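Reading through the structure tokens given below for one structure.
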Amino acid sequence: MTDASHAPIKTVLVDDEPLARRGLELRLSGEQDVRIVRQCANGEEAVRAVADLRPDLMFLDVQMPGLDGFATLRKIPAEQMPVVVFVTAYDHYAVRAFESSAIDYLLKPIDDSRLHQALFRVRQQLRDRDTERNCAQLLNLLGQISGKPALTMDDALDSDAATRLAGGGDTRLAIRDGGRTVRVEMRSIRWIDAAGDYMCIHTETETHILRATMRELEQQLDPNRFQRVHRSTIVNLDRVKAMRPHINGEYFLTLDCGKELKLSRSYKDKIELLRH
Numbered sequence: 000m001t002d003a004s005h006a007p008i009k010t011v012l013v014d015d016e017p018l019a020r021r022g023l024e025l026r027l028s029g030e031q032d033v034r035i036v037r038q039c040a041n042g043e044e045a046v047r048a049v050a051d052l053r054p055d056l057m058f059l060d061v062q063m064p065g066l067d068g069f070a071t072l073r074k075i076p077a078e079q080m081p082v083v084v085f086v087t088a089y090d091h092y093a094v095r096a097f098e099s100s101a102i103d104y105l106l107k108p109i110d111d112s113r114l115h116q117a118l119f120r121v122r123q124q125l126r127d128r129d130t131e132r133n134c135a136q137l138l139n140l141l142g143q144i145s146g147k148p149a150l151t152m153d154d155a156l157d158s159d160a161a162t163r164l165a166g167g168g169d170t171r172l173a174i175r176d177g178g179r180t181v182r183v184e185m186r187s188i189r190w191i192d193a194a195g196d197y198m199c200i201h202t203e204t205e206t207h208i209l210r211a212t213m214r215e216l217e218q219q220l221d222p223n224r225f226q227r228v229h230r231s232t233i234v235n236l237d238r239v240k241a242m243r244p245h246i247n248g249e250y251f252l253t254l255d256c257g258k259e260l261k262l263s264r265s266y267k268d269k270i271e272l273l274r275h
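Sequential numbering of the sequence shown, starting at 0, is according to numbering that gives the first Met the number 0.
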């Protein structure tokens with residue numbers, strides 16, 4: 000729970016089922032920093048609510064008549080986009096939810112512990128947005144004082160990335176996620192997998208979505224720590240806790256979080272690295 004003195008998180012609930020909206024409203028009533036500013040029964044109402052109220056957070060149902068959740072997001076300009084948590088009855092929407100830059104998704108019926116986890120991520124992202132905004136203001140102020148053009152946050156991060164690739168030894172990965180740039184500690188990454196034209200970067204606390212190819216991402220990672228074990232999977236070797244043989248020369252890798260990944264026979268030369 001955030002400090003009550005902080006500005007409340009302006010929240011919009013979007014679901015075509017009134018009972019679902021009411022249930023979520025009741026669950027959120029115990030969160031002192033969450034203020035529901037509007038409830039919407041469809042995507043069109045949600046688009047108008049975002050334009051009128053500029054909320055910080057939107058809980059968005061996936062399946063709705065007319066505009067579904069994904070189509071609703073496509074109608075919201077990037078500069079108006081709130082933090083989004085998808086709500087769905089079907090877990091197969093998860094990858095599409097992350098591809099749409101949602102911070103999390105909740106399965107109906109909503110579990111209280113999962114709701115609290117989602118709100119933790121929301122608060123973290125809102126703090127990051129504030130930090131990025133403050134850094135941008137500071138960079139602009141420094142530019143005015145020095146008389147030199149101010150770097151944007153992306154320029155600064157790109158400079159850091161160039162230093163890392165040139166051997167600067169940076170241990171963080173700069174990625175675009177949901178209209179913002181975040182820096183992810185490489186040691187916190189457990190594994191990375193491909194989802195269409197996107198890469199899903201799974202860390203200890205959340206999943207980031209990056210539009211890039213596997214090869215482009217491999218070039219930014221430390222090969223002593225990260226290795227490709229499948230055509231669509233990169234694993235952090237430090238996170239592999241067990242390995243067991245499967246069929247046809249394949250193996251299953253068990254990570255420290257319990258997640259199992261397949262090592263395909265095309266990458267079986269990596270077994271020796273995993274045994275060290």
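C-beta atoms are modelled at their ideal positions from N, C-alpha and C, and glycine is treated no differently. Since the model is a prediction, treat every value here as computed from it, not as a measurement.
Worksheet item: Do you know how far the Cα of K267 is from the Cα of G248?
Response: Taking the sequence shown and counting its residues from 1, one reaches residue 248 at position 249. Taking the sequence shown and counting its residues from 1, one reaches residue 267 at position 268. The alpha-carbon atoms of G248 and K267 are separated by roughly 8 Å.
Worksheet entry | Anticipated Cβ contact below 8 Å, N235 with I188, distance rounded | What you label residue 235 is simply residue 236 of the sequence shown in a count that begins at 1. What you label residue 188 is simply residue 189 of the sequence shown in a count that begins at 1. Yes, they are in contact, since the Cβ atoms of N235 and I188 sit about 5 Å apart, within 8 Å.
Discussion item. Quick check on the DSSP output: the alpha helix (DSSP H) that includes T276 runs from which residue to which?
Written reply: Nothing in the structure corresponds to residue 276, since the chain is present only between 0 and 275.
Item to complete: Sort out for me which residues DSSP pairs E259 with in a bridge.
Response: Along the sequence shown, one-based indexing puts residue 259 at 260. Its beta-bridge partners are T253.
Fill in: L105 at chain C interface by Cβ criterion, 8 Å
Annotation note: the requested chain C is absent from the structure, which comprises a single protein chain.
Worksheet entry | Beta-carbon contacts of R171 that lie in its chain and below 7 Å, excluding the five residues immediately before and after | Position 172 of the sequence shown, counted from the first residue, corresponds to residue 171. Excluding residues within five positions, the ones whose Cβ falls inside 7 Å are R182, V183, E184, M185.
Item to complete: Could you spell out the range, first to last residue, of the alpha helix (DSSP H) harbouring L25?
Response: For the purposes of this step, residue 25 is identified with residue 26 of the sequence shown, where counting begins at 1. Here the alpha helix (DSSP H) through L25 covers 17-27.
Fill in: Between the CA atoms of V36 and M198 - distance to the nearest angstrom
The count along the sequence shown starts at 1 and reaches residue 198 at position 199. The count along the sequence shown starts at 1 and reaches residue 36 at position 37. Going from the Cα of M198 to the Cα of V36 covers about 34 Å.
Worksheet item: For E205, which of A19, R227, A70, R120 has the nearest alpha-carbon?
Response: One-based indexing of the sequence shown puts residue 205 at position 206. With distances taken between Cα atoms, E205 lies closest to R120.
Worksheet item: Secondary structure at K269, three-state DSSP: helix, strand or coil?
Response: Indexing the sequence shown from 1 puts residue 269 at position 270. Three-state DSSP puts K269 in a helix.
Worksheet entry | Extent of the continuous alpha helix (DSSP H) to which M213 belongs | By one-based count along the sequence shown, residue 213 stands at place 214. Its alpha helix (DSSP H) spans residues 213-217.
Fill in: Straight-line gap, V49 to T232 (C-alpha atoms, nearest Å)
Counting from 1 along the sequence shown, the entry for residue 49 is found at position 50. Counting from 1 along the sequence shown, the entry for residue 232 is found at position 233. Near 37 Å, if we compare the C-alpha coordinates of T232 and V49.
Discussion item. Checking 8 Å against the spacing of the C-beta atoms, do V61 and T87 come in under that value?
Written reply: As a position in the sequence shown, residue 61 is number 62, starting the count at 1. As a position in the sequence shown, residue 87 is number 88, starting the count at 1. Contact flag set, yes.
Fill in: Environment of P17 [buried if 16+ CB atoms lie within 10 Å]
Counting from one through the sequence shown, the residue named residue 17 turns up at place 18. With fewer than 16 other Cβ atoms within 10 Å, it is exposed.
Worksheet entry | Residues that Y311 bridges to, as DSSP identifies them | The requested residue 311 does not occur in the structure, where the chain is confined to residues 0 to 275.
Worksheet entry | Own chain residues within Cβ distance below 8 Å of Q79, not counting five before or after | If you number the sequence shown from 1, residue 79 lands on position 80. Around Q79: V49, A50, R53.
Item to complete: Measuring alpha carbon to alpha carbon, tell me which of L254, Q218, R210 ends up nearest T202.
Response: The residue labelled residue 202 in the question sits at position 203 within the sequence shown. Out of L254, Q218, R210, L254 has the C-alpha closest to the C-alpha of T202.
Discussion item. Do D55 and V82 count as a contact pair if the criterion is CB distance below 8 Å?
Written reply: Translated into positions along the sequence shown, residue 82 becomes position 83. Translated into positions along the sequence shown, residue 55 becomes position 56. In this structure, D55 lies closer than 8 Å to V82 by Cβ.
Worksheet item: Relative to the C-alpha of D32, which residue among D111, F58, E43, R122 is closest?
Response: Here residue 32 refers to the residue found at position 33 when the sequence shown is read from its first residue. D32 has its Cα closest to that of R122, out of D111, F58, E43, R122.
Worksheet item: Does DSSP put V49 in a helix, in a strand, or in coil?
Response: To locate residue 49, count along the sequence shown from 1; it is residue 50. V49: helix per DSSP, three-state reduction.
Worksheet item: Closest to L262 by CA distance: which of R227, E30, R20 is it?
Response: Along the sequence shown, read from residue 1 onward, the residue named residue 262 stands at position 263. Comparing Cα-Cα distances from L262 to each of R227, E30, R20, the minimum goes to R227.
Worksheet item: What three-state label does DSSP hand Q38 in the structure shown?
Response: Residue numbering aside, residue 38 sits at position 39 when the sequence shown is read from its first letter. Q38: strand per DSSP, three-state reduction.
Worksheet entry | Given P108 as reference, the closest of Q116, Q124, I102, Y89 once Cα atoms are compared | Against the sequence shown, residue 108 aligns to sequence position 109. When each option's Cα is compared against that of P108, the closest is Y89.
Item to complete: Taking only the alpha-carbon atoms, compute the straight-line gap between K258 and Y104 and give it to the nearest angstrom.
Response: On the sequence shown, position 259 is the one that residue 258 refers to. On the sequence shown, position 105 is the one that residue 104 refers to. The alpha-carbon atoms of K258 and Y104 are separated by roughly 19 Å.
Worksheet entry | Buried versus exposed call for M63 [16 or more other C-beta atoms within 10 Å across all chains shown] | Stepping through the sequence shown from its first residue, residue 63 is reached at position 64. Flag for M63 reads buried.
Worksheet entry | Residues sharing a beta bridge with N235, DSSP | In the sequence shown, counting from the first residue as 1, residue 235 sits at position 236. Paired residues: F225.
Discussion item. For L172, list the residues DSSP reports as bridge partners.
Written reply: Numbered from 1 along the sequence shown, position 173 holds the residue referred to as residue 172. The partner list for L172 (beta bridge, DSSP) reads V183.
Worksheet item: Which residues in the same chain have their Cβ closer than 8 Å to the Cβ of R26, if we skip the five residues on either side of it in sequence?
Response: Along the sequence shown, read from residue 1 onward, the residue named residue 26 stands at position 27. Correct list, in chain order: I109, D111, L114.
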